[in-house]
Amino acid sequence: MTTGIGSLPHTDPIKACRLVLDTFDIPFWPQFPKLSFHELMIPQFSEGMPFVRMDEYRETMWIERDDSDALTRFYETYSEDVGILISEDYSKGLYTFIKFIEDKHFKFLKGQTTGPLTFTLGLKDSRGKLIFFDEELREISLLILKAKIKWQIEMLKPYADNVIIFIDEPILSALGSTSYIGVNPEEALRLLRETSDAIKQAGGIPGIHCCGKGDWPLVINSDVNIINFDAYDYAETISLYPTEFTNFLKEGGYLAWGIVPTTDAIREENTESIKRRFDTKLEELSKFIPSTLLLSQILLTPSCGTGSRSVEETVKVFKILIELKKLLKGAS
Numbered sequence: 050m051t052t053g054i055g056s057l058p059h060t061d062p063i064k065a066c067r068l069v070l071d072t073f074d075i076p077f078w079p080q081f082p083k084l085s086f087h088e089l090m091i092p093q094f095s096e097g098m099p100f101v102r103m104d105e106y107r108e109t110m111w112i113e114r115d116d117s118d119a120l121t122r123f124y125e126t127y128s129e130d131v132g133i134l135i136s137e138d139y140s141k142g143l144y145t146f147i148k149f150i151e152d153k154h155f156k157f158l159k160g161q162t163t164g165p166l167t168f169t170l171g172l173k174d175s176r177g178k179l180i181f182f183d184e185e186l187r188e189i190s191l192l193i194l195k196a197k198i199k200w201q202i203e204m205l206k207p208y209a210d211n212v213i214i215f216i217d218e219p220i221l222s223a224l225g226s227t228s229y230i231g232v233n234p235e236e237a238l239r240l241l242r243e244t245s246d247a248i249k250q251a252g253g254i255p256g257i258h259c260c261g262k263g264d265w266p267l268v269i270n271s272d273v274n275i276i277n278f279d280a281y282d283y284a285e286t287i288s289l290y291p292t293e294f295t296n297f298l299k300e301g302g303y304l305a306w307g308i309v310p311t312t313d314a315i316r317e318e319n320t321e322s323i324k325r326r327f328d329t330k331l332e333e334l335s336k337f338i339p340s341t342l343l344l345s346q347i348l349l350t351p352s353c354g355t356g357s358r359s360v361e362e363t364v365k366v367f368k369i370l371i372e373l374k375k376l377l378k379g380a381s
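For the sequence shown, my numbering begins at 50 and goes up steadily by one.
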């Protein structure tokens with residue numbers, strides 16, 4: 050089965066949603082970073098965050114504590130039983146997507162959330178301190194993300210038997226670098242597990258998207274059901290943890306192969322070259338993980354979102370993905 054990551058380069062939500070619904074086995078609501086600053090990864094999930102400041106002209110946002118009662122009001126109104134919405138101004142794709150599917154029903158639909166690590170390690174206070182290192186703001190961020198997950202699943206549930214939510218964590222490829230040397234691995238795991246648990250408690254299926262060289266033991270231990278990795282450039286990193294990934298698959302987990310590149314490499318690729326690359330990567334991984342497991346519990350995706358590509362390149366990525374699926378199905 051095929052699905053996508055989230056971001057698209059479109060500025061026309063109707064055309065984008067139509068493309069997604071015409072393309073994927075598991076449709077997803079699209080994000081439009083070129084349409085609005087609000088639709089970038091961190092701003093999109095920031096509504097309701099106390100002390101948040103935004104300069105849309107400069108496309109920056111930060112946390113600036115003041116003497117207001119913002120914290121008090123947050124704690125007084127927050128409830129684990131109540132979701133926090135993402136407004137249409139911050140998610141044109143979700144609302145347009147719902148309009149497209151309101152008279153339909155699917156086996157699977159997919160949504161996404163910015164992960165708690167990417168959110169707190171990508172947002173600073175007015176002094177330049179990452180809010181991950183502010184215990185109170187880190188915890189509030191987690192609460193808000195969990196509440197938005199609950200709301201999102203409630204929005205999608207009427208139209209699908211199953212709702213998949215990917216936790217988008219591009220920052221995972223940078224953990225352990227000098228920039229994030231103070232990140233406690235146990236705390237990072239707690240944040241991921243709580244996010245995964247929030248998806249399950251709301252009736253969803255948790256997945257995680259990590260581009261680059263992910264911290265795979267951390268990811269596997271986060272209790273997600275689907276791991277989406279960049280199979281185009283980093284498939285070999287999976288082979289470093291053969292026992293862990295074999296057990297993950299034996300326990301019912303799925304690997305989502307991000308095999309079609311969303312980098313400049315897409316300009317030189319076609320369906321045949323991607324099929325050859327997939328076959329090579331599969332053969333290499335099969336030396337460490339049984340191929341029967343790899344092939345029986347597999348999803349196909351682009352390597353990342355296509356928000357930084359052109360619309361034409363995005364269409365090419367999607368077309369190759371669908372043609373690859375047909376080739377693999379014909380070969381099985």
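Yeah, the Cβ is synthetic: ideal placement off N, Cα and C, and Gly gets one too.
* Asked: With distances taken from CA atoms, which of C259, V309 and V273 is nearest Y303?
  -> Looking up residue 303 in the sequence shown gives position 254. When only C-alpha atoms are compared, the closest one is V273.
* Is it true that the CB of I216 sits closer than 8 Å to the CB of T169? -> Here the question's residue 169 lines up with position 120 in the sequence shown. Here the question's residue 216 lines up with position 167 in the sequence shown. No, Cβ-Cβ distance for T169 and I216 is not below 8 Å.
* **Which listed residue (G53, H59, T51 and L205) has its alpha carbon closest to that of E361** => Counting from one through the sequence shown, the residue named residue 361 turns up at place 312. Among G53, H59, T51 and L205, the Cα nearest to that of E361 is on H59.
* CA nearest to the CA of C66, picked from L349, Y144, E188 and F123 -> In the sequence shown, residue 66 corresponds to position 17, counting from 1. Nearest option by C-alpha distance: Y144.
* Have a look at the DSSP bridge pairing and note the partners of M110. => Against the sequence shown, residue 110 aligns to sequence position 61. Paired residue(s): M103.
* Asked: In whole angstroms, what separates the C-alpha of T51 from that of L349?
  -> Position 2 of the sequence shown, counted from the first residue, corresponds to residue 51. Position 300 of the sequence shown, counted from the first residue, corresponds to residue 349. Taking the straight line joining both Cα atoms gives about 5 Å.
* To do: Pick out the complete alpha helix (DSSP H) segments inside the stretch 51–131, 4 residues or longer, and give them in chain order.
  => 62–72, 90–93 and 119–126
* To do: Could you name the residues of the same chain whose beta carbon sits closer than 8 Å to that of I135, not counting the 5 residues immediately before and after it, in chain order?
  => Here residue 135 corresponds to residue number 86 of the sequence shown, with the count starting at 1. Closer than 8 Å at the Cβ level, and outside the excluded window around I135, lie Q93, F94, E96, L143, K197, W200 and Q201.
* Neighbourhood of I133 by C-beta, 7 Å cutoff - its chain only, sequence neighbours within 5 removed -> Here the question's residue 133 lines up with position 84 in the sequence shown. The residues are G97, I193, A196, K197 and W200.
* Asked: If you count every other CB in all the chains shown that lies within 10 Å of the CB of V232, and 16 or more means buried, which is it?
  -> Taking the sequence shown and counting its residues from 1, one reaches residue 232 at position 183. With 16 or more other Cβ atoms within 10 Å, it is buried.
* Under 8 Å between C-beta atoms of L224 and L191 -> Here residue 224 refers to the residue found at position 175 of the sequence shown. Here residue 191 refers to the residue found at position 142 of the sequence shown. No. Outside cutoff.
* To do: Determine the extent of the beta strand (DSSP E) in which K262 is found, giving its start and end residues.
  => Working through the sequence shown from its first residue, we reach residue 262 at position 213. No beta strand (DSSP E) contains K262, which DSSP labels as neither H nor E.
* Asked: Based on the DSSP output, what are the partners of N277 in its beta bridges?
  -> Numbered from 1 along the sequence shown, position 228 holds the residue referred to as residue 277. H258 and A305.
* Asked: Going by the CB atoms, is the gap between M103 and T167 shorter than 8 Å?
  -> Position 118 of the sequence shown, counted from the first residue, corresponds to residue 167. Position 54 of the sequence shown, counted from the first residue, corresponds to residue 103. No, the Cβ-Cβ distance between T167 and M103 is not below 8 Å.
* Spatially closest choice to V69 from K375, K378, L377 and V366, by CA coordinates -> Taking the sequence shown and counting its residues from 1, the one referred to as residue 69 is at position 20. For the residues K375, K378, L377 and V366, the minimum Cα distance to V69 belongs to V366.
* To do: Can you tell me which of D74, E137 and T72 puts its alpha carbon nearest to the alpha carbon of H87?
  => Residue numbering aside, residue 87 sits at position 38 when the sequence shown is read from its first letter. Looking at the Cα atoms, E137 is the closest of the given residues.
* To do: For the alpha helix (DSSP H) holding L186, just list the boundary residues, first then last.
  => The residue given as residue 186 occupies position 137 in the sequence shown. Residues E184 to L205.
* To do: Express the C-alpha separation of P351 and K336 in angstroms, rounding to a whole number.
  => Looking up residue 336 in the sequence shown gives position 287. Looking up residue 351 in the sequence shown gives position 302. Each residue's alpha carbon lies about 24 Å from the other.
* Runs of alpha helix (DSSP H) lying entirely within the stretch 308–356, each at least 4 residues, in chain order -> 320–334 and 340–345
* Secondary structure of N270, DSSP reduced to three states -> Start at 1 with the first residue of the sequence shown, and residue 270 comes out as number 221. Here N270 sits in coil by DSSP.
* Asked: Using CA coordinates, which residue listed in L172, K148 and L342 is at the minimum distance from M204?
  -> By 1-based counting over the sequence shown, the position of residue 204 is 155. It is K148.
* To do: Measure how close the beta-carbons of G261 and N277 come, nearest whole angstrom, since I'm counting them as under 8 Å.
  => On the sequence shown, residue 261 is found 212 positions in, with the first residue counted as 1. On the sequence shown, residue 277 is found 228 positions in, with the first residue counted as 1. So it is not a contact: roughly 12 Å between Cβ atoms.
* Any idea if Y281 is buried or exposed, counting beta-carbon neighbours within 10 angstroms, 16 or more meaning buried? -> Start at 1 with the first residue of the sequence shown, and residue 281 comes out as number 232. Under this definition Y281 is a buried residue.
* Can you tell me the Cβ-Cβ gap for T320 and E372, rounded? I've got them flagged as a contact below 8 Å. => Residue 320 sits at position 271 when you count from the first residue of the sequence shown. Residue 372 sits at position 323 when you count from the first residue of the sequence shown. Indeed, because the Cβ distance is near 4 Å, the residues count as touching under 8 Å.
* **Which of helix, strand or coil DSSP assigns to D246** => Residue 246 sits at position 197 when you count from the first residue of the sequence shown. The answer is helix: DSSP assigns D246 an H, G or I state.
* L134 (DSSP reduced to helix, strand or coil) -> Position 85 of the sequence shown, counting from 1, holds the residue named residue 134. L134 falls in the coil class under three-state DSSP.
* **Paired residues, beta bridge with I216 - DSSP** => Walking along the sequence shown from the start, residue 216 turns up at place 167. T162 and I257, per the DSSP bridge assignment.
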